[in-house]
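Visitor: Have a look at this one.
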Amino acid sequence: MRLSIVSDEISHDFSEAVDIGVEWGITDYELRFLNSGRVPFVSKKEMDMLENIKDEKNVNISAISPGLFQISLRDEVQLKLQIEEQIYESFRFAEKLDTRNVIIFGFKRYAREPQTNYIQIVHILGRMASLAEKYGFTLLLENIAGSWANTGSNTAMILDDVNSKHLKANWDLANALIAGEIPYPYGYLAIRKHIHTIHVKDIREHKTSDPEIVLLGDGSIDWEGQFRAIMNGLDINYLTVETQCKPLIENSRRNVLRIKDMLKNFELDENFIVK
Numbered sequence: 348m349r350l351s352i353v354s355d356e357i358s359h360d361f362s363e364a365v366d367i368g369v370e371w372g373i374t375d376y377e378l379r380f381l382n383s384g385r386v387p388f389v390s391k392k393e394m395d396m397l398e399n400i401k402d403e404k405n406v407n408i409s410a411i412s413p414g415l416f417q418i419s420l421r422d423e424v425q426l427k428l429q430i431e432e433q434i435y436e437s438f439r440f441a442e443k444l445d446t447r448n449v450i451i452f453g454f455k456r457y458a459r460e461p462q463t464n465y466i467q468i469v470h471i472l473g474r475m476a477s478l479a480e481k482y483g484f485t486l487l488l489e490n491i492a493g494s495w496a497n498t499g500s501n502t503a504m505i506l507d508d509v510n511s512k513h514l515k516a517n518w519d520l521a522n523a524l525i526a527g528e529i530p531y532p533y534g535y536l537a538i539r540k541h542i543h544t545i546h547v548k549d550i551r552e553h554k555t556s557d558p559e560i561v562l563l564g565d566g567s568i569d570w571e572g573q574f575r576a577i578m579n580g581l582d583i584n585y586l587t588v589e590t591q592c593k594p595l596i597e598n599s600r601r602n603v604l605r606i607k608d609m610l611k612n613f614e615l616d617e618n619f620i621v622k
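Position 103, counted from 1, in the sequence shown is what our numbering calls 450; the numbers after and before it change by one each time, with no gaps.
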C-alpha cells in the first residue's frame, strides 16, 4: 500500500503540487482539478506538462477522478454523453499517464426516485465495468452523500450486484458519515472486501450546523480503528489524502504527518509499506 494525495489539495498547478509533495515524501498523486479544468478535460499544453513532470520527477498517478456519474438518471443528455464519450476520454487520459484507476460515482438520487431505478444503476455500472475490463482499467466507485452509493453498505450492495473485478470501491469514510452511517466499524465491515483505495479526511459533526471538514484525528471518525483494521491483511492499494480544509498546503502537510504518525503506532507486516 502506498500513500497518495489528491494533487489539487496542494495546488491546481501540478508542477507546484509535486514540488511540495515530494518534499513530504509523496510520489503518488490522484488527479482531479488542474489549472485548465477537471481531468480529462484539460488543455493540450497542460496535458503535455503532466507527462513531462511525471517523467522528469519520477512520480506516479494513482488515479484520475473525472467526476463521472455525479448526475441523476433524469439527466439524459449528460448520461448519454458520459457513457458514450467521456468514459472513453477518461480511459485515454489515464492511459497517457500510466494509471489504470478511474474514480466514478454512483448517480445522484432525485426526490421520490423509485427504488426500481436501482436496477438501471446496476445495469449502467455493469456496462461501464465491462468496458473497463475490455480496455484494462479498474473503475473505483466513490461513495458520496445523496447518491445511490452513499454509504459503505449501499456501495457494497451495488458492487456485489455488479460483481466485477473491474469495479472496486474508493472508500470515503467522511462521505459515509455525512450520509448518516458510522463509517468505522459498520460501513467498513460492509465494504471491506471491495476496497481498492481509501480517501483520507476527517469530519466533525455539529448538532446545530453542517458537518465540518477538519484535520485528521480532530473529527468524529475512528481513523486509528480503521488503520488498525486495514493492517490486518487487507489488500489496499492507496491511502489518498483529501484534505478539504484550508489552508490547503499547511493542512495537507499536517494530514500527511498525522497519517504517518498513526501508522507508526502499529506493527507493519511485510505486505504493508507506506512510501
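We treat Cβ as the ideally placed atom computed from N, Cα and C, and that holds for glycine. Model, not experiment: these values are computed from the prediction.
Does the separation of the CB atoms of E356 and L595 fall below 8 Å?
Guide: A contact, by the Cβ cut-off of 8 Å.
Visitor: Looking only at its chain, what residues have a beta carbon closer than 6 Å to the beta carbon of N290, apart from the 5 residues adjacent to it on each side?
Guide: Given a span of 348 to 622 for the chain in the structure shown, any question on residue 290 remains unanswerable.
Visitor: Assign V621 to one of three DSSP states: helix, strand, or coil.
Guide: Caution applies to V621, whose pLDDT of 46 falls short of 50 and renders its modelled position unreliable; the value that the coordinates give is listed next. Looking at V621 - three-state DSSP - the assignment turns out to be coil, as it is neither helix nor strand.
Visitor: From R474 to N612, what does the alpha carbon distance come to, in whole angstroms?
Guide: Rounded to whole angstroms, R474 to N612 spans 42 Å at the Cα level.
Visitor: Can you grab the Cα-Cα spacing for the pair E346 / V603, in whole Å?
Guide: Since the displayed the chain opens at 348 and closes at 622, residue 346 lies outside it and no answer follows.
Visitor: Could you round the C-beta distance between I408 and L350 to whole angstroms and report it? I think they count as a contact, below 8 Å.
Guide: Incorrect: roughly 14 Å between the Cβ atoms, too far for contact.
Visitor: Starting from the N-terminal side, write out each stretch of the alpha helix (DSSP H) that is 4 residues or longer and does not extend beyond the stretch 506 to 582.
Guide: Within the stretch 506 to 582, the complete alpha helix (DSSP H) runs of at least 4 residues are 520 to 525, 535 to 538, 570 to 577.
Visitor: What are the uninterrupted segments assigned as beta strand (DSSP E) that are 3 or more residues long and contained completely in the stretch 360 to 420, given in chain order?
Guide: List check, beta strand (DSSP E) in window: 375 to 378, 407 to 415.
Visitor: So what's T485 in DSSP terms, helix, strand or just coil?
Guide: Strand at T485.
Visitor: Check whether the stretch 538 to 555 touches the stretch 514 to 530, counting contact only when three or more Cβ pairs, one atom from each stretch, lie closer than 8 Å.
Guide: Enough Cβ pairs lie closer than 8 Å, so yes.
Visitor: State the start and end residues of the unbroken alpha helix (DSSP H) segment that holds N448.
Guide: Per DSSP, N448 belongs to no alpha helix (DSSP H); it is in the beta strand (DSSP E), 448 to 451.
Visitor: Assign S358 to buried or exposed, taking buried as 16 or more other Cβ atoms, counted over all protein chains shown, within 10 Å of its Cβ.
Guide: With 16 or more Cβ atoms within 10 Å of its Cβ, S358 is classed as buried.
Visitor: Considering only their Cβ atoms, is the gap separating N382 from A410 smaller than 8 Å?
Guide: Their beta carbons are not under 8 Å apart, which means A410 does not touch N382 by this criterion.
Visitor: Using only the alpha-carbon positions, how far apart do G368 and R459 sit?
Guide: About 44 Å.
Visitor: Need the endpoints of the beta strand (DSSP E) that S351 sits in, please.
Guide: First-last of the beta strand (DSSP E) with S351: 349 to 353.
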